[in-house]
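Peer 1: The structure under discussion is supplied below as C-alpha cells; questions concerning it will follow.
Numbering (our numbering), first residue to last: 42 to 411.
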C-alpha cells in the first residue's frame with residue numbers, strides 16, 4: 042500500500058549525460074543517506090553503470106555497506122568522529138576526508154604503514170580546506186600546517202594524499218568565484234609542501250551546472266544524478282527523476298457538505314463529495330507543512346492533500362471523479378508521465394527537493410524497476 046519505485050536506469054542515464062557535459066576527467070557520484078533515499082547499493086551500481094569513476098558517502102559505515110555488497114570502485118567518505126574506528130574502512134581501501142591535524146593524527150594512528158612492495162596499505166586521504174562554506178575543512182591559516190603534517194606522514198608510509206577538496210557555498214556566482222580562487226591557491230600550496238594529489242575537486246551538482254570553469258580534476262554529482270532539477274546547463278540534459286513515491290487508496294467514503302477533514306478541521310468540504318484515504322504520513326516522509334497543499338495524482342486526475350497530514354495518513358477530496366479503493370495516489374514522480382514533481386512538493390512544504398527524497402521513511406518499500 043506504500044511504494045517508492047526506484048528507477049536505476051534513470052540514474053545511469055543521468056550520470057552518463059552529466060559526464061558528457063563536463064570537462065572534468067573524473068566523476069564522483071554521491072550515494073550518501075541511502076543513495077538520497079533511493080538505496081545506496083542500487084544507486085551506486087546504477088551510477089557506475091552510467092560511467093561514474095568514484096562514489097561518495099558521508100560516513101565510513103555507508104562506504105563499508107558498498108564494499109559488503111561487492112562494489113570495488115573508489116569510495117570517498119568525509120565524516121567521522123574522534124572516537125570512530127576507521128581501521129576496517131582503511132583496510133577496505135576507503136578514502137577518507139581529513140579536515141584537521143587531529144583527524145590526520147587519528148587516521149595515522151589507525152593506518153598500516155605502506156612498503157615499496159605493498160604501497161596500497163597506506164591510508165588514502167583527501168585533505169579538505171574550508172574556502173568559505175564554514176563547515177568542515179581546515180581554515181586557510183591552518184592549511185599549511187595540515188599539508189606539511191600530511192607530507193611527513195606520507196613520507197613515513199602511513200598515508201597517501203590522493204586528493205585535495207572543498208565545497209562551495211552557492212551564495213552567489215561572485216562568492217563561488219572567490220572560493221574557486223582560494224581553492225586553486227590551496228592546491229598550489231599542497232604541492233609546494235611536497236604533496237602530489239591526483240585529484241583536486243570542489244564542484245558539486247550546482248557548480249558543475251553553473252560554473253564549469255571550476256570543474257578541476259573531478260566533479261562530485263549528488264542531487265542531479267537522481268533527476269532532481271538543477272538550474273543552469275543541466276536543465277537541457279533531459280535528466281529524469283529516479284523515484285516515484287505513491288500510496289494506494291485504502292478507503293473511500295461519501296460525506297456531506299461542511300464535513301471537517303483531519304486534525305483541527307483546517308479543511309472542510311464545500312459540497313457532498315468523496316474522501317479518499319492514503320496511508321502515507323509524516324512518518325513516511327510526507328511533510329506536514331504541505332497540508333492542504335501537496336499535489337497528488339489519482340487515476341490520472343490531479344488533486345491536493347485535503348486537511349492536515351497525519352503521522353500515517355492523509356485525505357484527498359476527490360469529488361465525484363470515480364476514485365476507488367485500490368487506486369494508486371502518486372505524490373511525486375516524473376512530470377513527463379503526468380506526475381507532480383518533487384519540486385512542487387518542496388515548494389508546498391517550504392523546503393528543498395533534497396529533503397523530500399531523503400526523508401522517505403523506512404516503512405516505504407523501495408521497489409526496483411527492472
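Quick reminder that beta carbons are idealized off the backbone N, C-alpha and C, glycines included.
Alpha carbon to alpha carbon, how far is residue 116 from residue 73?
Peer 2: Taking the first residue of the chain shown as position 1, residue 116 is located at position 75. Taking the first residue of the chain shown as position 1, residue 73 is located at position 32. So the alpha carbons of these two residues sit roughly 11 Å apart.
Peer 1: How is residue 259 classed by DSSP in three states: helix, strand or coil?
Peer 2: Within the chain shown, numbered from 1, the residue matching residue 259 stands at position 218. DSSP places residue 259 in strand when its eight states are reduced to three.
Peer 1: Would you please state the rounded distance, in angstroms, between the beta carbons of residue 118 and residue 138? I believe it to be under 8 Å.
Peer 2: What you label residue 118 is simply residue 77 of the chain shown in a count that begins at 1. What you label residue 138 is simply residue 97 of the chain shown in a count that begins at 1. Yes, residue 118 and residue 138 are in contact; Cβ-Cβ is about 7 Å, under 8 Å.
Peer 1: Check residue 404 in the structure and name its three-state DSSP category.
Peer 2: Mapped onto the chain shown, residue 404 falls at position 363. Of the three classes helix, strand and coil, the one that applies to residue 404 here is coil, per DSSP.
Peer 1: Going straight from the alpha carbon of residue 103 to that of residue 344, what length do you get?
Peer 2: Position 62 of the chain shown, counting from 1, holds the residue named residue 103. Position 303 of the chain shown, counting from 1, holds the residue named residue 344. So the alpha carbons of these two residues sit roughly 38 Å apart.
Peer 1: Helix, strand or coil: how does DSSP classify residue 169 here?
Peer 2: Locating residue 169 in the chain shown gives position 128, counting from the first residue. In this structure, residue 169 counts as strand in the three-state DSSP scheme.
Peer 1: In the structure shown, what three-state DSSP assignment does residue 346 receive?
Peer 2: Numbered from its first residue, the chain shown carries residue 346 at position 305. Strand, per DSSP.
Peer 1: To the nearest angstrom, report how far apart residue 91 and residue 309 are at their CA atoms.
Peer 2: As a first step, residue 91 is located in the chain shown; it is residue number 50 there, counting from the start. As a first step, residue 309 is located in the chain shown; it is residue number 268 there, counting from the start. Going from the Cα of residue 91 to the Cα of residue 309 covers about 48 Å.
Peer 1: Let me know the secondary structure DSSP gives residue 16 once reduced to three states.
Peer 2: What the structure shows of the chain is the stretch from 42 to 411, and residue 16 is not part of that stretch, so it cannot be assessed.
Peer 1: List the DSSP bridge partners of residue 358.
Peer 2: For the purposes of this step, residue 358 is taken as residue 317 along the chain shown, with counting starting at 1. 316.
Peer 1: Which of helix, strand or coil does DSSP assign to residue 2?
Peer 2: Since the first and last residues shown for the chain are 42 and 411, residue 2 lies out of range.
Peer 1: Out of curiosity, what's the CA-to-CA distance linking residue 84 and residue 52?
Peer 2: Position 43 of the chain shown, counted from the start, is the residue given in the question as residue 84. Position 11 of the chain shown, counted from the start, is the residue given in the question as residue 52. Those two C-alpha atoms are separated by around 7 Å.
Peer 1: Going by beta carbon distance, what residues of the same chain come within less than 8 Å of residue 320, once the five residues before and after it are set aside?
Peer 2: Stepping through the chain shown from its first residue, residue 320 is reached at position 279. Only 42, 43, 288, 289, 291, 353 and 354 meet the Cβ criterion.
Peer 1: Alpha helix (DSSP H) containing residue 69: first to last residue?
Peer 2: As a first step, residue 69 must be located in the chain shown, where it is residue number 28. Element bounds for residue 69: not the alpha helix (DSSP H) but the beta strand (DSSP E), 67-71.
Peer 1: Measure the beta-carbon distance from residue 238 to residue 204 and round it to whole angstroms, keeping in mind my assumption that it falls under 8 Å.
Peer 2: Taking the first residue of the chain shown as 1, we reach residue 238 at position 197. Taking the first residue of the chain shown as 1, we reach residue 204 at position 163. Indeed they touch by this definition, with Cβ atoms about 5 Å apart.
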